[in-house]
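Protein chains in written order, with the working numbering: chain A, 1 to 786; chain B, 1001 to 1523.
Heads up, the beta-carbon is just placed ideally off N, CA and C, and yes, glycines get one too.
The next block holds one structure in the form of structure tokens; read it before the comments.
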């Protein structure tokens, strides 16, 4: 149960609980090193300290390493966590980059010093922390994540909860790892000068005991694996004691000296050369785990710890979100012999049932958490004895554990209490259990039982349970010869392509996002190429993004992508809408007429090769009709009718994202070829948005032609300032009576036109006459070519 | 002056165009521009096989010595660099880099710019055309300069005949003679065994430069310069990338510290993941929309299958091999090593790598000799070879040749990696010094909002001379030249630290490093 704080990369000062606890006050005088006599103890000398503070007990529940904000340069005072490269629950290896820290000089990767799992992130992305502050907790075993995380929560909340009985100073352990302030003293620790530095040699002390020191001043020279470097003091004060003389090599993080704020404090420190930092409270309460007699204040452990070789099985954290677990079944009974690697119980977590294995040989001495009961993660669920003879003693101890008020039964979700119990118990090397992950056949107990009964070799059965675990159903299928049933949610259906076995059909970013969100990719419907899961798919699954219509699968029907939401008007669209609103005050009337088109069509066919367009011909026809009835070309003013000398025919053209009316000026006066050329040019300009204002707002009469779309008839809105607009529908063939024809009828192509006029100066008869003239021109179109 | 020069050049072009037919009608040689002795027993003083940047550089320098020069272009004026390498890839990087910048809302908003990223659109065809047009333009310029300077460009591929002084035009079978022959055949992409290239879904840099698609997911086999640059292009245009690297570390050829930073800046924050220590043992092309590209990967050590990927495209960027097959080397008694032609420091061809003898009047420059597979190195070697041909002994200092990777930000270097420098210092008995400048401490870089990056100067503490410089950061490729010059000239950090750098510019990053090397502070 070590809790050591390790600075990453280049922390100039790091504190460890080791460093903090080892110099125990003389008042108590129970050296924590005494536990090394215990056969179950881990290598670390500091474990099982019983602290006064509930909070520390909690922290100690896990084998947590503090990750502190490193000093990336000699001038760096605080650092900002740019990004976490690992999430809570992620496994990290020593040397692997876990976060990016921005200093005053550069962004740098910060590496982990040891293997483990990120249990808790205390400083989020974008947040800053002073150099030396704890930014995250690292635990050695995945199982410890939950308890350490819970501890981290408490640590975060610590400043608010100032309910510590006598250990006010101890806040500094968690809140500021840089300085362990005890009576104002600051310890100097061996800094990590490079990412690979494990220990450092003190080449020379630049200050002597008693010397005054100011912050930023170099106090010693340390030789690392890369270079010799000056180490600076972070605060003003006096060098009170040097623990490590020149030439000695010390582990990173170990205390090498102490700085006190006042000169008179020097004497106090030097009077107790072995004591190190003198504290009236916190550190003096750290005691050996085996000597529970002296720990009268510890809340949890009530019973004597048996003096024998045993280990404790804790409730493992089977997933990063697991807070407590239910013992589904014990696969071993009390008294059974156990060998390392053997599954001893099945635990149900929030995600799945899993076998839990023993880490070492021994005997299941006592079950603390019975089948069907739940325990908080990290709480003891059983004891394993090394010797069969020790079982009775351990059972008595177990009874005291389960009977104690603090642990298991009272397990709150936040789990401080059971964690405390765990701390109190004489647990040896971390949890002695592991989640079974590989190598061995993973099968549910029922599956095993059934397989045995049916005589089926489990190694031949394909598991479909979580993590490929063999379920009872798999065994049944194997027995009946049926293949494994695929989970309905698995393998997104994609008719055109089925990924080969073992292929994860997901893009790199989808994989990363799914891992982060702890989603099973198999449950996500992929919409990418070949049915692949994309980042968007994962985002939709996590609710981060709203599903949107994707392109249909290749070979399938193309699904329609419909626009939605507000699309702001373009300048042109706004102009159109404003113009349309402005027309509302104009009293208009409409007159329609059918126009025979056969002659016109024949003419058009004859001139088409010359490049004459229908638009030009229509404009010309309208212009000629206007010559006869100029009132149609007039505009209204309150004073009277304004006649326009020029006949400028505007024709509405739909262009991408709008509507514009390029204008053929003097349409009555120009020949059809010229009009055609001009029109082509105007349309081109309109498409390119190059029309000069004069080319689209000089119209005196407008044509709107939807005939080419097969529209039978329609009416147009009269633009403000004009007298009329002609809406041209499509041409259709009709059978009409005809005396001259053999059958008494003939086929005629007809087009319906509708004239909208301003009734303030133009009357119905004017419109009718104009249309009659227009019809006549269309019926005798040769004049258009003149 | 400039005007006079230009008109002279025009004259040259006219003159040369008249002579373009000369090689086929060998007999009446004009001496208008050529100083070569008409009585010479050879058609040319120098014949250059290959017309990449190396051959081109050699040809220009050859003409500058008034040597009668022919280049066998093999219908590939410009070679790999111009047509299928550095040049078109810069066009892709420039365009895609712009797309990346315009989509980086966080960066833009730091600068006070707001942009609707959905409005940032690009046309794949447009970008591909930009690359193509650029290549054509540069190729045209190259060709014009050859013709303009009076180099005879022979379109066929040149091969040796086995007789000294002879080069055969493979296209016409015609044999030309030259006093000296420079081989500059270049290199071609290396395709590992098991990989089937269709240049559509599985392609080398040749196919990648055509940018025929922007795949949803592309695997890039190899994480060297080429792979890295293409990952930059692809991710900017919206692809996700998986690197497949056979070595244990990504970007194995780079300086470790730089590679680490590069991983953060160019890989980690982008839609890229990678596998290291694995071979792509079997790569099968796909059919767009019907069948993905399948990549089977095996462990580089155990050779056991580790994973199969199904991706939309795979780019093979596993290095390049010399393009020296079937060019008559064997006939000349020359033994190649994996295709590489052994040369001495003067670029003279040796019969073999170990204890080979000099083949008289035969030279080899560029990728084919494998000394340093970079366009500008080839050109330098070509110039050096001509110097030696002209009777002035010359050797290229390869330690002073810079290299750059045009990612965003760029990586540039000159000299050995820190790991190599440590070894060198130990072996040669000198002390290695190291100093670093930081882009985060540079006003110009901060103004650009591009504070990421470092410049690392490695120097000999005993002499003060610069050994190597590695830069990663904005415009690193443009910053390296000062360092390259320093290495070439043997300038010391003491001298460099006293040289004034323009303020405020990115080159102050180097100023900081040079000053730091001698215990000064730049700021």
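(message) Quick check: the Cα distance between residue 516 (chain A) and residue 369 (chain A), rounded to an integer number of angstroms?
(response) Numbered from 1 along the first chain, position 516 holds the residue referred to as residue 516 (chain A). Numbered from 1 along the first chain, position 369 holds the residue referred to as residue 369 (chain A). One C-alpha to the other measures close to 32 Å.
(Q) Cutting at 8 Å between CB atoms, please list the residues of its own chain near residue 619 (chain A), excluding the five before and the five after it. (A) Numbered from its first residue, the first chain carries residue 619 (chain A) at position 619. Result list for residue 619 (chain A): 649, 651, 664, 667, 675, 679 and 703, in chain order.
field: Buried or exposed by the 16-neighbour rule on C-beta atoms within 10 Å, applied to residue 382 (chain A)
entry: Taking the first chain and counting its residues from 1, the one referred to as residue 382 (chain A) is at position 382. By the neighbour-count rule (16 or more Cβ atoms within 10 Å), residue 382 (chain A) is buried.
Would you say residue 185 (chain A) and residue 67 (chain A) are within 8 Å of each other, going by their C-beta atoms? If you number the first chain from 1, residue 185 (chain A) lands on position 185. If you number the first chain from 1, residue 67 (chain A) lands on position 67. Their beta carbons are not under 8 Å apart, which means residue 185 (chain A) does not touch residue 67 (chain A) by this criterion.
For this session: Check the Cβ of residue 1271 (chain B) against every Cβ in chain A and list those closer than 8 Å, keeping chain order.
Result: Taking the first residue of the second chain as 1, we reach residue 1271 (chain B) at position 271. Neighbours of residue 1271 (chain B) on chain A, chain order: 507, 508, 509 and 535.
### Message
When you compare the region 1372-1392 of chain B with the region 1057-1064 of chain B, are there three or more beta-carbon pairs, one atom per stretch, that lie closer than 8 Å?
### Response
The region 1372-1392 of chain B is in contact with the region 1057-1064 of chain B.
**Report entry** Against chain A: residues of the region 1295-1312 of chain B by CB proximity under 8 Å
**Finding:** 1307, 1308, 1309, 1310 and 1312
Given residue 712 (chain A) as reference, the closest of A:750, A:608, A:739 and A:684 once Cα atoms are compared: Residue 712 (chain A) sits at position 712 when you count from the first residue of the first chain. Comparing Cα positions, the closest option is A:750.
Q.
Would the region 523-538 of chain A count as touching the region 566-577 of chain A if we require 3 or more Cβ pairs under 8 Å?
A. no
Original post:
What did DSSP end up calling residue 186 (chain A) once you bin it into helix, strand or coil?
Top reply: Position 186 of the first chain, counted from the start, is the residue given in the question as residue 186 (chain A). Judged by DSSP in its simplified three-state form, residue 186 (chain A) adopts strand.
How would you list, in chain order, the residues of chain A whose beta-carbon sits under 8 Å from the beta-carbon of residue 1344 (chain B)? For this step, residue 1344 (chain B) is matched to residue 344 along the second chain. Within 8 Å Cβ-Cβ: nothing; residue 1344 (chain B) doesn't reach chain A, min ~39 Å.
Exercise for the section: For residue 109 (chain A), go through chain B and note every residue whose CB falls closer than 7 Å to its CB, in chain order. Expected result: Locating residue 109 (chain A) in the first chain gives position 109, where the first residue counts as 1. Listed along chain B are 1260 and 1264, each with a C-beta nearer than 7 Å to that of residue 109 (chain A).
- [ ] Under 8 Å by Cβ, that's how I've got residue 1283 (chain B) and residue 1196 (chain B) pegged, so tell me the actual separation to the nearest angstrom.
- [x] For the purposes of this step, residue 1283 (chain B) is taken as residue 283 along the second chain, with counting starting at 1. For the purposes of this step, residue 1196 (chain B) is taken as residue 196 along the second chain, with counting starting at 1. Confirmed, Cβ separation roughly 6 Å.
- Query: Pick from A:593, A:769 and A:686: whose alpha carbon is nearest that of residue 729 (chain A)?
  - Reply: Start at 1 with the first residue of the first chain, and residue 729 (chain A) comes out as number 729. That would be A:593, whose Cα lies nearest to the Cα of residue 729 (chain A).
DSSP three-state label for residue 1175 (chain B), please.
By 1-based counting over the second chain, the position of residue 1175 (chain B) is 175. Of the three classes helix, strand and coil, the one that applies to residue 1175 (chain B) here is strand, per DSSP.
(Q) Across the region 1194-1211 of chain B and the region 1078-1089 of chain B, are there enough close Cβ pairs to call them in contact, namely three or more that are closer than 8 Å? (A) yes
Any heavy atom of the ligand HEM closer than 7 Å to the CB of residue 1485 (chain B)? Only the bare structure without any ligand can be found here, which leaves the ligand HEM out of the picture.
Original post:
With a Cβ-Cβ cutoff of 8 Å, do residue 115 (chain A) and residue 94 (chain A) count as a contact?
Top reply: Looking up residue 115 (chain A) in the first chain gives position 115. Looking up residue 94 (chain A) in the first chain gives position 94. Contact: yes.
Is the beta carbon of residue 1454 (chain B) closer than 8 Å to that of residue 1438 (chain B)?
Within the second chain, the letter at position 438 stands for residue 1438 (chain B). Within the second chain, the letter at position 454 stands for residue 1454 (chain B). Yes, the Cβ-Cβ distance between residue 1438 (chain B) and residue 1454 (chain B) is below 8 Å.
**Study point:** Proximity test, Cβ basis, 8 Å: residue 528 (chain A) and chain B
**Key:** For the purposes of this step, residue 528 (chain A) is taken as residue 528 along the first chain, with counting starting at 1. It does: the Cβ of residue 528 (chain A) has a partner Cβ on chain B nearer than 8 Å.
Relative to the C-alpha of residue 718 (chain A), which candidate in A:773, A:745, A:661 and A:772 has its C-alpha closest?
By one-based count along the first chain, residue 718 (chain A) stands at place 718. Answer by Cα proximity: A:661.
Just to make sure I have the definition right: I need the residues of chain B whose C-beta is within less than 9 Å of the C-beta of residue 497 (chain A). Which are they?
As a working note, residue 497 (chain A) is residue 497 in the first chain. Ordered by position in chain B, the residues that pass the 9 Å Cβ test against residue 497 (chain A) are 1290, 1291, 1292 and 1310.
inquiry  = In whole angstroms, give me the CA-to-CA distance for residue 1096 (chain B) and residue 1475 (chain B).
reply    = For the purposes of this step, residue 1096 (chain B) is identified with residue 96 of the second chain, where counting begins at 1. For the purposes of this step, residue 1475 (chain B) is identified with residue 475 of the second chain, where counting begins at 1. C-alpha separation (whole angstroms): 16 Å.
Practice problem: State buried or exposed for residue 747 (chain A), treating a residue as buried only when at least 16 other CB atoms are found within 10 Å of its CB. | Solution: Here residue 747 (chain A) refers to the residue found at position 747 when the first chain is read from its first residue. The residue is exposed, with fewer than 16 neighbouring Cβ atoms inside 10 Å.
Note to self: Whole angstroms are fine: how far does the CA of residue 531 (chain A) sit from the CA of residue 497 (chain A)?
What the structure shows: Taking the first residue of the first chain as position 1, residue 497 (chain A) is located at position 497. Taking the first residue of the first chain as position 1, residue 531 (chain A) is located at position 531. The straight-line gap from Cα to Cα measures roughly 7 Å.
*Would you kindly check if the distance between the Cβ of residue 1345 (chain B) and the Cβ of residue 1410 (chain B) is under 8 Å?*
As a working note, residue 1410 (chain B) is residue 410 in the second chain. As a working note, residue 1345 (chain B) is residue 345 in the second chain. Not in contact: residue 1410 (chain B) and residue 1345 (chain B) (Cβ atoms no closer than 8 Å).
### Message
Given a cut-off of 8 Å on the beta-carbon distance, is the pair residue 1153 (chain B) and residue 1071 (chain B) in contact?
### Response
The residue you call residue 1153 (chain B) lines up with position 153 of the second chain. The residue you call residue 1071 (chain B) lines up with position 71 of the second chain. Between residue 1153 (chain B) and residue 1071 (chain B), the C-beta gap is smaller than 8 Å, which places the two residues in contact.
**Request:** Would you mind giving the Cβ-Cβ distance between residue 118 (chain A) and residue 89 (chain A), rounded to the nearest angstrom? I have them listed as a contact below 8 Å.
**Result:** As a working mapping, residue 118 (chain A) is identified with position 118 in the first chain. As a working mapping, residue 89 (chain A) is identified with position 89 in the first chain. Taking a contact as a CB-CB distance under 8 Å, the pair residue 118 (chain A) and residue 89 (chain A) counts as one, their CB atoms being some 7 Å apart.
Task: Chain-ordered neighbours of residue 1216 (chain B) on chain A, where CB pairs are closer than 8 Å - done: Here residue 1216 (chain B) refers to the residue found at position 216 when the second chain is read from its first residue. The contacting residues are 507, 528, 529, 532 and 534.
Inset, instruction - Answer yes or no: does any C-beta atom of chain A fall closer than 8 Å to that of residue 1440 (chain B)? - result: Taking the first residue of the second chain as position 1, residue 1440 (chain B) is located at position 440. Chain A, which has a Cβ nearer than 8 Å to the Cβ of residue 1440 (chain B), makes this yes.
(message) Contact criterion: CB-CB distance below 8 Å. Does residue 500 (chain A) meet it with respect to chain B?
(response) What you label residue 500 (chain A) is simply residue 500 of the first chain in a count that begins at 1. For residue 500 (chain A), the answer is yes, since a Cβ of chain B falls inside 8 Å of its Cβ.
Could you tell me which whole beta strand (DSSP E) segments of length 3 or greater appear in the region 668-739 of chain A? 701-705 and 724-737
query: Considering only residues of the region 1329-1356 of chain B, which uninterrupted beta strand (DSSP E) runs meet the minimum length of 3 residues and lie entirely inside it, listed in chain order?
result: 1348-1350
*Name the one or two DSSP bridge partners that residue 1514 (chain B) has.*
Residue numbering aside, residue 1514 (chain B) sits at position 514 when the second chain is read from its first letter. Beta-bridge pairing links residue 1514 (chain B) to no other residue.
- Drop a sphere of 10 angstroms on the beta-carbon of residue 1047 (chain B), count the other beta-carbons inside from all chains shown, and report buried for 16 or more, exposed for fewer. Counting from one through the second chain, the residue named residue 1047 (chain B) turns up at place 47. Buried: at least 16 other Cβ atoms inside 10 Å.
| said: Taking only three categories from DSSP, how would you classify residue 423 (chain A)? | reply: Working through the first chain from its first residue, we reach residue 423 (chain A) at position 423. Reliability of the predicted coordinates at residue 423 (chain A) is poor, the pLDDT of 38 falling under 50, and the value obtained from them is presented with this limitation in mind. If DSSP states are grouped into helix, strand and coil, residue 423 (chain A) belongs with the helices.
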